[in-house]
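In the working numbering, the protein residues as written are 15 to 492.
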Amino acid sequence: MTTKNCPNCKAAVQPGDIICVACGTNLLTGQIVLKPGGEPPKRVGRRARRSLLWGGAAVLIAAALVGLGAGAAWLLRDPVETARKMAVSGNSLDALALLQKHVERRPEDRNARLLQGKLYWQANQPDRAAEALEAAYRQQEEDVTPALMAVAAAAKLGGQEGPKRQAALLRDVVRRHPDSQRAWHLLALALGAMGLHADQAAAIKDAGQAGAASGTSMGALSGVSRGLEGDLEGAEKSLRTLTAAAPDNGDAAAALGFVLSLQGREDEAAGALEGALERNTTVSGQVRLRLGLAELRRGNYERAISLLGPARTELPDDPRAPFFHALALQNAGLAEEALTEFERLSTASGPYAGQAALQMATLYLKMDSLDRAGASIRRATELGLSSARMLTLQGRVHALQGNNGEAEESYRRAMQAEPDYPAAHLEMGLLQVSRNALPEGIRELERYVELARAAGGGGRVNEIEVLVSQLRQTMQAS
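Below you can see the structure in the form of structure tokens.
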């Protein structure tokens, strides 16, 4: 066989070779295409290609199985149980977010609604708690428990919104569960809270016809309802019978105390109400409030504070308790404590906000803090208060600041608002005397004495009578 030599490295090459195995030179073109020691690319055979294809397919299948496994895990995961675990670990906000998304997809999931309601309750969101719990009740109306839980949540809502929602739901509950004494009891309470005493009496009557009006507490409600409808004698009679039959029941004693109070028999009412507290009545907040108001009227301020303080805690949605507690503090000489309470009330949107601002003005006047007194009066005005008392206080601030013209204008407006308001005539009279307008001053001061005596003779009647006598002598001598 004839051999040839590589034109580049002179190595021997075989006939038919294209590449020199020694130096990698292309024997046809003379160019070096492979480095020495390199190997030309190998052709991939059909079997190898098949192996590669199967290998790639295996990788893809494995990846798909992993993805399917993750998806299956997601589908099989219980979002309610996940939310429960999140809440237990202290992550309630994320738990509620997860539940909200879930109930949007599956609004019929009762367990999700129940957990949602409980978590909203714990998060101090009674409105949403009531909504979720009522939704749970609607999913299975034979179970009354979620409905009663929703009623409890609605009780935390302010104003009349809570009782309205309670009554609406409870009317449905007693229609479906006429034997539920608890539901009838709560319905009667809700109607009473709205002042619908005729409806309350009708509900108690319906409960009796349904056989669900037994029990001392329901009887006590019935007695109070009769009293509020005007049948005080009948109410007292039924409640005395009830307290005799259940002498250890605090609710019966409380109801009797309320009815006696409606009759104006305050001493007897106080005795019954004190007995109700001793017997652990379930309406202790209302009992303490009524007793505290009675002690405040009597001038027993320390006793009033001891009753109204706990009442404020027990009745967080009743604006009377904090206002009259602050008033008791003020009358007891605890000015700083009273100011703190009045400040809190005046910055809230409650029915006593304006009056609280006005009480702050009286306290600041006693402290000679005229700027703060004026600011408190302006706050009362912004809150819609425009009474003779407020205008008189406004006039006093102007007078003490030396603005006699504005003071006189305020006093005149006060007398226009309430012609028989004694303090306005007193302050106007003193202002006129200070300006040496004695006839006008004496006339207003005598009017004050007349009105104050008609109102019970309190205030500065004797002092002003002496002043008027002295002023008349001065006029006669001049």
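Here a beta-carbon is modelled for each residue, glycine too, at the ideal position from N, C-alpha and C.
What does a CB cutoff of less than 7 Å around W353 pick up in its chain, not counting 5 residues either side in sequence?
A quick correction: the sequence has Leu, not Trp, at residue 353. Cβ neighbours of L353 beyond the five flanking positions: M374, L377.
Taking all protein chains shown into account, do 16 or more other C-beta atoms lie within 10 angstroms of the C-beta of L343, making it buried, or fewer, making it exposed?
buried
Under 8 Å Cβ to Cβ from L112, same chain only, skipping five residues before and after it: list those, please.
P93, T96, A97, M100
Round the Cβ separation of V273 and G241 to the nearest angstrom and send it over; I've been treating them as touching at under 8 Å.
About 4 Å separates the two Cβ atoms, so the contact holds.
The alpha helix (DSSP H) spanning K494 covers which residue range?
Missing from the structure shown is residue 494; the chain here goes from 15 to 492 and no further.
When you compare the CB positions of L1 and R254, do they come within less than 8 Å of one another, or not?
Nothing can be reported for residue 1: it is not among the residues displayed for the chain, which extend from 15 to 492.
Can you give me the C-alpha to C-alpha distance between P330 and E458, rounded to a whole angstrom?
44 Å
Contact check, K178 vs P140 under 8 Å by CB: the rounded distance?
Contact doesn't hold; Cβ gap of about 14 Å is too wide.
List the endpoints of the continuous alpha helix (DSSP H) containing S483.
475-491
Measure the alpha-carbon distance for D220 versus Q154 and round it to whole angstroms.
25 Å
Go ahead and pull the three-state DSSP assignment for A26.
strand
My parser needs the beta strand (DSSP E) runs of 3 or more residues fully inside the stretch 311-385; what are they?
none
Check this for me: beta carbons of G409 and Y425, under 8 Å apart or not?
yes
So T295 is in the alpha helix (DSSP H); what residue range does that whole segment cover?
Note, T295: premise wrong, no alpha helix (DSSP H); not H, not E.
For the alpha helix (DSSP H) that contains Y151, what are its first and last residues?
Per DSSP, the unbroken alpha helix (DSSP H) holding Y151 starts and ends at 140-153.
Alpha carbon to alpha carbon, how far is G388 from D213? Give it in angstroms, no decimals.
46 Å
Under 8 Å, with one C-beta from each stretch per pair, do the stretch 300-315 and the stretch 282-290 reach the 3-pair mark?
yes
Across which residues does DSSP place K251 in a beta bridge pair?
According to DSSP, which records beta bridges pairwise, K251 is partnered with nothing at all.
Tell me, which residues are paired with K18 by DSSP?
V27
Pop quiz: T406 and A428 are said to be a contact at Cβ under 8 Å. What is the actual Cβ separation, rounded to whole angstroms?
5 Å
Exposed or buried, what is N138 when buried is set at 16 or more other beta-carbons lying within 10 Å of its beta-carbon?
The residue is exposed, with fewer than 16 neighbouring Cβ atoms inside 10 Å.
Mind checking who I391 pairs with in its DSSP beta bridge?
I391 is not bridged to any residue.
Drop a sphere of 10 angstroms on the beta-carbon of L107, count the other beta-carbons inside from all chains shown, and report buried for 16 or more, exposed for fewer.
Exposed, by the Cβ-count rule.
Are the CB atoms of E280 and A318 nearer to each other than 8 Å?
no
With 16 as the cutoff for other CB atoms within 10 Å, does D265 come out buried or exposed?
buried
Classify A77: buried if its beta carbon has 16 or more other beta carbons within 10 angstroms, exposed otherwise.
Residue placement at A77 is poorly supported in this model, since its pLDDT is 46, which falls under 50; the coordinates still yield a value, given next. Its Cβ having fewer than 16 others within 10 Å, A77 is exposed.
Taking only the alpha-carbon atoms, compute the straight-line gap between N495 and Q180 and give it to the nearest angstrom.
Residue 495 falls outside the range modelled here, since the chain spans only 15 to 492, and no answer is possible.
Out of curiosity, what's the CA-to-CA distance linking A469 and E477?
16 Å
For the alpha helix (DSSP H) containing V117, list its first residue and its last residue.
106-119
Short of 7 Å in beta carbon distance, which residues of its chain neighbour E355, apart from the five on each side in sequence? Order them along the chain.
Residues P336, H339, A340, L343 of the same chain have their beta carbon placed closer than 7 Å to that of E355, with the five preceding and five following residues left out of the count.
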